[in-house]
Amino acid sequence: MPPPVTNTTSGVPVSSSAIPKKGMSLMDMLKQKQKEEAAELAKKVTREPNLEEVIAIWGTYTEKLKVDLKHSAVTSFNLAKLRVEGLRVIATSVTSINQKFIDIEATNLLENFKNHFFNMDIKFEMEVVEEVNEAPKEIAPKFLSGQDRYRLMATEYPMVRLLRDKLRLEISY
Numbered sequence: 010m011p012p013p014v015t016n017t018t019s020g021v022p023v024s025s026s027a028i029p030k031k032g033m034s035l036m037d038m039l040k041q042k043q044k045e046e047a048a049e050l051a052k053k054v055t056r057e058p059n060l061e062e063v064i065a066i067w068g069t070y071t072e073k074l075k076v077d078l079k080h081s082a083v084t085s086f087n088l089a090k091l092r093v094e095g096l097r098v099i100a101t102s103v104t105s106i107n108q109k110f111i112d113i114e115a116t117n118l119l120e121n122f123k124n125h126f127f128n129m130d131i132k133f134e135m136e137v138v139e140e141v142n143e144a145p146k147e148i149a150p151k152f153l154s155g156q157d158r159y160r161l162m163a164t165e166y167p168m169v170r171l172l173r174d175k176l177r178l179e180i181s182y
């Protein structure tokens, strides 16, 4: 193998494809370079995404957003839940507002996934799942009489009844 050619002005090694060959046009050089890059890319093994690595990439991207001071996006990224189904990376968001913040960053994030796994077929999708409270709260009446308020307080706090009895107070109205 011949020694690498160095640039005479900077002393940096130059690949042999960057040196113009006699009788080679610029277009031929670019085609040759493109073929070499395609061959290099083919050497890299494409992989399907797995959840552990997706979570790691997600965390790295979240840290980048912190550095960029995009606090609302960071909060949305932290609240999202991730899952992987084949070549699809799916982020589940709690609200549509969080989805919007993640959608803004989706293109850059997808590029990170594709570059990491050397797979251009990876897709990124968002889902919004509104959380529903299991037990609805009881709505108490707004206006209670004095006796009704006393009964509510006495059932919740038995010491109120003891205090009323010791002070011999009467509940009126």
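Note that my numbering has the sequence shown beginning at 10, numbered continuously upward.
Built from N, CA and C at the ideal position, the CB exists for glycine as well.
* Asked: Rounded to a whole number of angstroms, what is the C-alpha to C-alpha distance between G95 and M162?
  -> Taking the first residue of the sequence shown as 1, we reach residue 95 at position 86. Taking the first residue of the sequence shown as 1, we reach residue 162 at position 153. Taking the straight line from one Cα to the other gives about 57 Å.
* **Paired residues, beta bridge with K133 - DSSP** => In the sequence shown, residue 133 corresponds to position 124, counting from 1. Note on identity: in this sequence residue 133 is Phe, with Lys being the wrong assignment. Answer is V98.
* Assuming F127 and T55 form a contact by the criterion Cβ under 8 Å, report the distance between their Cβ atoms to the nearest whole angstrom. => Residue numbering aside, residue 127 sits at position 118 when the sequence shown is read from its first letter. Residue numbering aside, residue 55 sits at position 46 when the sequence shown is read from its first letter. With 8 Å as the limit, F127 and T55 qualify as a contact, their Cβ atoms being about 5 Å apart.
* To do: Give the straight-line distance between the Cα atoms of Y70 and T104, rounded to the nearest whole angstrom.
  => The residue given as residue 70 occupies position 61 in the sequence shown. The residue given as residue 104 occupies position 95 in the sequence shown. Approximately 20 Å, taken between the alpha carbons.
* To do: Within the same chain, show all residues whose beta-carbon is closer than 7 Å to that of I66, passing over the 5 residues directly before and after it, in chain order.
  => If you number the sequence shown from 1, residue 66 lands on position 57. These residues qualify, in order along the chain: N121, F122 and H125.
* To do: Can you have a look at N59 and say buried or exposed, based on whether 16 or more other CB atoms are within 10 angstroms of its CB?
  => To locate residue 59, count along the sequence shown from 1; it is residue 50. It is exposed - the Cβ of N59 has fewer than 16 other Cβ atoms within 10 Å.
* Distance, E165 Cα to I111 Cα -> Indexing the sequence shown from 1 puts residue 111 at position 102. Indexing the sequence shown from 1 puts residue 165 at position 156. Taking the straight line joining both Cα atoms gives about 45 Å.
* Asked: Cα separation between M129 and E57?
  -> As a working note, residue 129 is residue 120 in the sequence shown. As a working note, residue 57 is residue 48 in the sequence shown. Using only the alpha carbons, I get a separation of about 10 Å.
* **Within 9 Å, strictly: CB atoms of E114 and L172** => Looking up residue 114 in the sequence shown gives position 105. Looking up residue 172 in the sequence shown gives position 163. For E114 and L172, no; Cβs fall outside 9 Å.
* Asked: Mind checking N107: buried by the 16 CB within 10 Å criterion, or exposed?
  -> Indexing the sequence shown from 1 puts residue 107 at position 98. So N107 ends up on the buried side.
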